[in-house]
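Student:
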Amino acid sequence: MQSTSGSPPGVVVILGTGGTIAGTAASAARHVGYQAGVLGADALVAAVPALQGWPLEAETLARLDSCDMDHATWAALAQRAALHLARPDVAGVVVTHGTDTLEETAYFLHRTVAAAKPLVLTAAMRPATALSPDGPQNLFDAVTLAREPGVRGVLAVLGGVVHAGCSLRKLHGYRVDAFGSGDAGPVALLEDGRVRLLRPWPDAPLHPAVAQAADSLRAASRWPVVDIVSSHAGARGEVIDALVAAGARGLVIAGTGNGSVHAELRAAARRAVAAGAVVRRASRCLLGGVVVGQDGGGPDALPATGELTPVQARIELLLDLLAAG
Ligand code: ASP
Numbered sequence: 017m018q019s020t021s022g023s024p025p026g027v028v029v030i031l032g033t034g035g036t037i038a039g040t041a042a043s044a045a046r047h048v049g050y051q052a053g054v055l056g057a058d059a060l061v062a063a064v065p066a067l068q069g070w071p072l073e074a075e076t077l078a079r080l081d082s083c084d085m086d087h088a089t090w091a092a093l094a095q096r097a098a099l100h101l102a103r104p105d106v107a108g109v110v111v112t113h114g115t116d117t118l119e120e121t122a123y124f125l126h127r128t129v130a131a132a133k134p135l136v137l138t139a140a141m142r143p144a145t146a147l148s149p150d151g152p153q154n155l156f157d158a159v160t161l162a163r164e165p166g167v168r169g170v171l172a173v174l175g176g177v178v179h180a181g182c183s184l185r186k187l188h189g190y191r192v193d194a195f196g197s198g199d200a201g202p203v204a205l206l207e208d209g210r211v212r213l214l215r216p217w218p219d220a221p222l223h224p225a226v227a228q229a230a231d232s233l234r235a236a237s238r239w240p241v242v243d244i245v246s247s248h249a250g251a252r253g254e255v256i257d258a259l260v261a262a263g264a265r266g267l268v269i270a271g272t273g274n275g276s277v278h279a280e281l282r283a284a285a286r287r288a289v290a291a292g293a294v295v296r297r298a299s300r301c302l303l304g305g306v307v308v309g310q311d312g313g314g315p316d317a318l319p320a321t322g323e324l325t326p327v328q329a330r331i332e333l334l335l336d337l338l339a340a341g
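The numbers in the sequence shown follow the numbering used here, run straight up by one, and end at 341.
See below:
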C-alpha cells in the first residue's frame, strides 16, 4: 500500500529532548567526541529548509544525552505528548531524542500514551555539525509521517525505515543504519517523502497503570525501583542481594540464550522473592525473546517476559508495580 502526503492536515508539534541529533562537535569530521543535546528544537527545524512554511510548533523539553535519560523526563514527555495529541488542530507529534535509549522511551510512550494519531520518535547517529548528518532527513521523514492521514501509534523513523515503538532495537553503536525491529520487521518505509505501508499500524494497548495509577505515573519520584541484572559466566548473587537491600522492588534478569539464568543468580532471585521483590527473566540475546515451553519453564523457573527485551521488560515491570500500588 502506498499513500502520499498531500496538503498539511494540521500542526505537527516537535518535542526536543536532546541527543546526537541536537549535538555539536568541534570539527565537521567528528562523529564521536561531540556534545549531545546542545541545540534546541527550533534550531533542528531551522536546519531543514524543506520544512519551512509547514505548520510546525517546536518545544525544547530537555537537552539530554539520552544515556542520561531519567524517569522525570519520561513523565513530562508523556504528558506533553498526550496534551498535544488531544488538540484537534494537531495532526501528530514528533519527538527528537538520542539514539542510546530511544528504544526505551519508545516502549514507555507506547504503553502510556493513547496515540490515535502519530507519535513519531526520531534521532541521529551523527551530530548536527557532521559533514553528512543524518538528523535533517530523519526529522523531515518524521514530520512527513506525523502529518500523514491514517497513521497512528508510537513509531520511530530512522534511515527511511519506520519501526513500531514496541519493536524498536538499537543494533549498532556507530553506524548510521543502527536500528531494527527484531522479528516483527519494519512497519513502513519513507520513500522520497511518501509513506509505503508494509503492515498495519501497530495497536497500542495502554498499560493498566495509565488508568489505575494515573497520579503516580505523573510523579516519577513515586515510581518503584526496578533494576536489570545480567546473567553471565561467573555471575554473583551478591549483586541481586545488594540491589534488593538498596530498595529494588523489581528485578529483570537478562538471561543467557532462551532466558537461562546462572545458578548463583537463581539462588539470589529466590532470596529476593522471599524478601518481597518481583523477579522476571528476559534474554540478553540481540534478537528474539524467551520462548516458554509447554511445561511452563519448569517448577522453579522465574516468570519469563516473552518477546520483550530486558529494557522493555524493566518498563513493563515498573508499570505493573505502579498499577499494583
Ligand atoms: N549518546 C547519544 C544519545 O543517546 C547518542 C545518540 O544520540 O546517537 O543522546
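Note that the Cβ used here is the ideal one computed from N, Cα and C, for glycine as well.
Please read these numbers as outputs of a predicted model, since none were measured by experiment.
For A288, which residues in the same chain have their Cβ closer than 7 Å to its Cβ, ignoring the five residues on either side in sequence?
Tutor: The residues are I256, V260, L267 and V295.
Student: Can you find the residues in the same chain that come closer than 7 Å, C-beta to C-beta, to A122, ignoring five residues on each side of it along the sequence?
Tutor: Same-chain partners within the cutoff: L137, V170, A172, G181 and L184.
Student: What did DSSP end up calling A270 once you bin it into helix, strand or coil?
Tutor: Of the three classes helix, strand and coil, the one that applies to A270 here is strand, per DSSP.
Student: Given a cut-off of 9 Å on the beta-carbon distance, is the pair A146 and R46 in contact?
Tutor: Closer than 9 Å, so yes.
Student: Tell me which residue opens and which closes the beta strand (DSSP E) that S299 is part of.
Tutor: S299 -> beta strand (DSSP E) spans V294 to S299.
Student: May I have the straight-line CA-CA distance separating G35 from L118, to the nearest angstrom?
Tutor: Distance between the alpha carbons of G35 and L118 is about 9 Å.
Student: Using only alpha-carbon positions, find the residue among S299, G175 and S197 that is nearest to R191.
Tutor: Measuring from the Cα of R191, the nearest candidate turns out to be G175.
Student: Does the Cβ of A52 lie closer than 8 Å to at least one heavy atom of the ligand ASP?
Tutor: Yes; taking the cut-off as 8 Å, the Cβ of A52 has a heavy atom of the ligand ASP nearer than that.
Student: Any heavy atom of the ligand ASP closer than 8 Å to the CB of T89?
Tutor: Because no heavy atom of the ligand ASP lies under 8 Å away, the Cβ of T89 does not count as near it: no.
Student: Expressed to the nearest angstrom, what Euclidean distance is found between the alpha-carbon atoms of G313 and A320?
Tutor: One C-alpha to the other measures close to 8 Å.
Student: Let's test the definition: count the other Cβ atoms within 10 Å of the Cβ of R127 and tell me whether it reaches 16, buried, or not, exposed.
Tutor: Buried: at least 16 other Cβ atoms inside 10 Å.
Student: If you check the beta carbons only, do R238 and G271 fall under 9 Å apart?
Tutor: It is not a contact, given that the beta carbons lie outside the stated cut-off.
Student: With hydrogens ignored, establish whether the beta-carbon of G175 is closer than 8 Å to any heavy atom of the ligand ASP.
Tutor: Because no heavy atom of the ligand ASP lies under 8 Å away, the Cβ of G175 does not count as near it: no.
Student: Since I believe A63 is in contact with V143 (beta carbons under 8 Å), could you give me their beta-carbon distance rounded to a whole number of angstroms?
Tutor: Residue 143 is actually Pro in this sequence, not Val. Not a contact, Cβ separation roughly 12 Å.
Student: Inspect the beta-carbon positions of I30 and V54 and report whether they are closer than 9 Å.
Tutor: No, the pair does not count as a contact, with Cβ atoms beyond the cut-off.
Student: Which one or two residues does DSSP pair with F195 in a beta bridge?
Tutor: DSSP lists K186 as partners of F195.
Student: Only counting the same chain, and skipping five residues up and downstream in sequence, which positions put a Cβ closer than 6 Å to that of D58?
Tutor: Hits under 6 Å: A74.
Student: On the three-state DSSP scale, how would you describe G151?
Tutor: Helix at G151.
Student: Are there 16 or more other CB atoms within 10 angstroms of the CB of R282, so buried, or fewer, so exposed?
Tutor: Label assigned to R282: buried.
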